[in-house]
Structures are given as C-alpha cells and as structure tokens.
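Undergrad: In the numbering used here, each residue carries its 1-based index in the sequence shown increased by 1051.
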Amino acid sequence: MLECVLIDLHANENTSVNELIEKHMPFIIKSISDVTGRYVSCENDEELSVGLLGFHEAIERYDNEKGHFLSFAKLVIGSRIKNYLKSENKHQHSSLEELLDKGLEIKDEYLEQKEDNSILIEEISRLKTEISSFGFTLEDLASEAPKQQATRRNAISLSEEISKDEEFTSFMYVKKRLPIKRIVLKFSVTEKVIKGSKKFIISVVIIIDKNFSVLKNWIRK
1052 MLECVLIDLH ANENTSVNEL IEKHMPFIIK SISDVTGRYV SCENDEELSV GLLGFHEAIE
1112 RYDNEKGHFL SFAKLVIGSR IKNYLKSENK HQHSSLEELL DKGLEIKDEY LEQKEDNSIL
1172 IEEISRLKTE ISSFGFTLED LASEAPKQQA TRRNAISLSE EISKDEEFTS FMYVKKRLPI
1232 KRIVLKFSVT EKVIKGSKKF IISVVIIIDK NFSVLKNWIR K
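1) From isoleucine 1072 to aspartate 1191, what does the alpha carbon distance come to, in whole angstroms?
2) Return yes when the Cβ of valine 1127 is within less than 8 angstroms of the Cβ of glutamate 1097, no when it is not.
3) Output the distance between the C-alpha atoms of leucine 1178 and aspartate 1114, rounded to the nearest integer angstrom.
4) According to DSSP, is tyrosine 1224 helix, strand or coil?
5) Classify leucine 1236 as buried or exposed, calling it buried when 16 or more other Cβ atoms lie within 10 Å of its own Cβ.
6) So, for serine 1214: in the same chain, excluding its five sequence neighbours on each side, which residues have a beta-carbon less than 7 angstroms away from its beta-carbon?
7) Looking at lysine 1246 and glutamate 1195, is the spacing between their C-beta atoms short of 8 angstroms?
8) How would you label tyrosine 1090, buried or exposed, when you count the other beta carbons within 10 angstroms and need 16 or more for buried?
9) According to the Cβ coordinates, are isoleucine 1231 and glutamate 1242 closer than 8 angstroms?
10) Distance check for lysine 1227 and asparagine 1205, CA to CA, integer angstroms please.
11) Could you check what DSSP says for lysine 1153 in three-state terms: helix, strand or coil?
12) Rounded to whole angstroms, what's the CA-CA distance from lysine 1137 to valine 1101? Just pull it up for me.
13) If you compare alpha carbons, which of Glu1212, Ser1176, Ile1080 and Ala1201 is closest to isoleucine 1234?
14) Using CA coordinates, which residue listed in Glu1181, Leu1171, Pro1197 and Ala1124 is at the minimum distance from tryptophan 1269?
15) By alpha-carbon positions, which one of Leu1229, Lys1074, Ser1122 and Gly1118 ends up nearest to isoleucine 1253?
16) Is isoleucine 1252 helix, strand or coil by DSSP?
17) Taking the C-alpha atoms as reference points, what is the distance between glycine 1088 and threonine 1180?
18) Quick check: what's the CA-CA separation for glutamate 1070 versus glycine 1129?
19) Which residue from Phe1078, Ser1264, Ile1080 and Val1068 puts its Cα closest to that of glutamate 1174?
20) Judging by CA-CA distance, which residue of Ser1248, Phe1185, Leu1103 and Glu1116 is the nearest neighbour of phenylalanine 1222?
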C-alpha cells in the first residue's frame, strides 16, 4: 500500500519521492485541473510546479491519522493551487491598475454590471504572455505608457491603423518589433512619436488583433 511506502521514505528519500511523483502524475494533474477548471499539461509549468510542491508537501506531512494519503494529497495540492491563483490574480490586478492609470481606462459602469471579472483576468493573462514574447512585462508597459491623454489617443489611433495592415502586423509578430520606418512613411508620424510609445502601441495592436474584447472595449477612444 502507498501508506506503507511513505513510512520508509527517509531510507531513500529522493528516489522514493521521484518514483511516487512519476507514478501519480495523472492524479497530480487531475487535482490541479479540478481547481483551475482546465487541463494542465507540462507546458503549464508554473501550475504543475505548484502542484508537485503540494504533492511533496503532502508526503512530508502525511501520517495515518490524516486518513487515506491520496485524499490528503488532493487537499494539500488544492490548497497550494488556490493560494497560487489568488497571488497571481492579485499581482495581475495590481499591474492592471498601474496600466489603466497610465494607458488604459476602465468604464466603471461595466464593472458594476459584472458579478466577476474572470474574462478580464483571462485576457490580462493572455496579454501578459503575448507581450512577454516582445521582451517586456505589464509593469514595463504601465511604466512607459503615454501619460498625456492626447498622446495616448494618438497612440491608440495609430495602433488601430497598424492593426488593419496585415504586412505591418506580420512584421511585428515575426520580428518582435514595430516596422517603424514603414509606419513613419505610411502614416506621416515621426520616429520620436512611435519610439516614445512603442510598447503601448504594440500592446494595443495585440489587443485589437487578438480581439481581446473586454480590454478592447475598455480602451478610451
């Protein structure tokens, strides 16, 4: 029985733990998925890492008085995943607040109509992943977004035009940068204007191109 194996873990701890993890990987993944509501694969390394830590913690803390080991492990894994998700959501809210203050604005009446903001959190997470491939974070975006409303409006208008041009968007996704010289020639703007708002422009192009509907609706035009 698994409980008997756990009693002798300290005799050969690393090997025993690794064997248990390998044997119970489907159980660990399902325990994570039951909390997140979506399938967890090896690509979702953060959530899987948290779940593995939870399983390891369950091994260290388990004794027979806690009942069946897998039931106990499921509780520990679930607790760790919930804490992780809360931490991530808090971090995303904090980053979003800075972002909204400096570059995007939320319509308060929309928030009042929503019982939860799960769609918003999902879009923020996707935006975070997208911009990370361009080498910057939400914090970078919040820090460098245009602070003047007029500058912001101009950057949003330019982003909308760029998003309509397949050649420009393809260049942006492949090269991970804006085709600044081409944009200057086509839209009669200066390089200084583009370079001063490039992270903001890239982000708004992504929001429009990927149809992040909530974030797109929240951009003040």
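Glycine included, each C-beta is placed from N, C-alpha and C at the ideal position.
TA: By the coordinates alone:
1) 38 angstroms
2) no
3) 43 angstroms
4) It is helical.
5) exposed
6) Take serine 1214, set aside five residues on each side of it, and the residues of its chain with a beta-carbon closer than 7 angstroms to its own are Thr1220, Val1256, Ile1259 and Asp1260, in chain order.
7) No Cβ-Cβ contact shorter than 8 angstroms links glutamate 1195 with lysine 1246.
8) exposed
9) yes
10) Approximately 22 angstroms between the Cα atoms of the pair.
11) A caution first: lysine 1153 carries a pLDDT of 49, below 50, which makes its placement in the model unreliable, though a value can still be read off. Note: lysine 1153 maps to helix in three-state DSSP.
12) 13 angstroms
13) Nearest option by C-alpha distance: Glu1212.
14) A check of alpha carbon separations from tryptophan 1269 across Glu1181, Leu1171, Pro1197 and Ala1124 identifies Leu1171 as the nearest.
15) Leu1229
16) DSSP places isoleucine 1252 in helix when its eight states are reduced to three.
17) 19 angstroms
18) 21 angstroms
19) Ser1264
20) When only C-alpha atoms are compared, the closest one is Phe1185.
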